[in-house]
Each structure stands twice: as structure tokens, then as C-alpha cells.
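Okay, structure first, notes after.
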Amino acid sequence: MTACPAKGARKPRADAVRNRERVLAAAKLVFGQGGEAASLEAVARQAGVGIGTLYRHFPTREALFEAVYRREVEQLVDLAEALRTEASPAEALRRWMRAIVEFVATKKGMVAALAIVVKGSSDLMAYSQDRLTRAVEALLRRAAEAGEIRRDIGPEDLLRTVIGLCYAQDRPDWQETVLRLLDVFMDGLRRRPDADQREAQGGLFAPAAGPRR
């Protein structure tokens, strides 16, 4: 039997849902650009809504920052799942790492505000770390088992490397620099004939040893 909706409960109006999504998409773009333009008024203008509409959905700046952050994390998780059907597991991993750069660009634009959010919501960083680690672990395992990348790197190491590259750059064109460095990093992850013997001795995704006889 299908459960009846709670008495008095109403689904959000379609236009309200669309406005919320437009605000979140606009906030990602505005915060990603950073600087003085990263204001709520700029977000409202980019979304094509009034500032009052923005505040109805997100009554505080912190609420908007947290919503954008959580939306970005969930989109990265969804992307990782979609990329698991890519013909080349290594290419799927490379595309996901490039998406992380875009995620960090948005995060950089609201780093000060996120610090306030995290202080009041200590589980936010733990939530994102867990979700992203599990997402990239599946991509790494698939690429390693396909023999396309080396087996001695784990998801935490990969995330630290990619995010570290992003925060080590502070020039206006930092994203272009990081994307180029990611290609170099990806070349280093790929299997090399001279590394096969070393990897055969074990790795994070090496097959479990059979029982001793």
C-alpha cells in the first residue's frame, strides 16, 4: 500500500525548485571566480532572480555556502558512478580528477565562509571526505584491476595530491596550470614495464594471497 502524504505537507512548487537550482548553479560560478564579485547580490543577478528570492531559499550566507558545497560533493560522487562505465578506466579517473579542480575552484571562492560553516557544522568536512574517498576508491580499483595504472596509490593519497596541487597555485590562471600538471601526474600513475616487478610484490589493490599449503 502506498503511503499517503502527511496532512498539510506540500511538495515544493516547480518554479521554486527551478529557482533554487538556478541559484546554486549561479553561486558555483560566482564563487568560483572569487574576489569582490563573490557576493550574494552577484549570485542573484547571475541566477536571474531577486535578492528576496535568494534569501527565501537560503536565509543566511552560510546556508548558501553549505548548500553549494554539498551539491558539489554529490555531483562528484554521481560523476564517479557514471564514469565507471567508461571504456578506459584510466581515462575515467583522469576526467574525475579534472572535475575535482573545478570543485576546488568553487571552494577557494568561499574558503573564509566555509570555515565559519565548518565551525558550526563539524561533520561537513568528514561527510565530504568520506563521500569523495569512497568515490575515487572505486575508480582507482577499477583502473588498477584493468592493469592501466599502478597499484601502489590509495584514494587518500590521490585526493591529497590533486587538492594540494590546486592550493599550491595562486595565479589567476592556476586552473590551467593544475590541469597540465594533472596530465603529468596521470602519466606517472600509468603502468610501466620496468615497474611490473616492483608492483608484483604488492600494492594497495593487489589480489589477496592464497592460503599457505
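1 is the number of the first residue of the sequence shown in the UniProt record's numbering; add one for each residue after it. Glycine residues also receive a C-beta, built at the ideal position from the N, C-alpha and C atoms. Because the structure is a prediction, the values reported are computed rather than measured.
### Query
By Cβ distance, which residues of its chain are closer than 8 angstroms to alanine 44, with the 5 residues on each side in sequence left out?
Result list for alanine 44: Val23, Ala26, Gly50, Ile51, Thr53, Leu54, in chain order.
### Query
By Cβ distance, which residues of its chain are closer than 6 angstroms to alanine 135, with the 5 residues on each side in sequence left out?
Excluding residues within five positions, the ones whose Cβ falls inside 6 angstroms are Val77, Ala80.
### Task
Please look up how many angstroms separate the CB atoms of leucine 182 and arginine 98, rounded, as I've assumed it's under 8 angstroms.
Yes, they are in contact, since the Cβ atoms of leucine 182 and arginine 98 sit about 6 angstroms apart, within 8 angstroms.
### Task
Assign valine 162 to buried or exposed, taking buried as 16 or more other Cβ atoms, counted over all protein chains shown, within 10 Å of its Cβ.
Counting Cβ neighbours within 10 Å, valine 162 comes out buried, since at least 16 surround it.
### Query
Hey, would you say leucine 93 sits closer than 8 angstroms to leucine 132, going by beta carbons?
No, Cβ-Cβ distance for leucine 93 and leucine 132 is not below 8 angstroms.
### Query
Taking just the CA atoms, how far does alanine 143 sit from alanine 105?
The alpha-carbon atoms of alanine 105 and alanine 143 are separated by roughly 26 angstroms.
### Query
From glutamate 176 to phenylalanine 58, what distance separates their C-alpha atoms?
If you take the alpha carbons of glutamate 176 and phenylalanine 58, they lie about 32 angstroms apart.
#### Entry: Proximity winner among Asp15, Val101, Leu124, Arg171, relative to alanine 63 (alpha-carbon distances)
Among Asp15, Val101, Leu124, Arg171, the Cα nearest to that of alanine 63 is on Leu124.
### Residues bridged to arginine 190 (per DSSP)
The partner list for arginine 190 (beta bridge, DSSP) reads Ile149.
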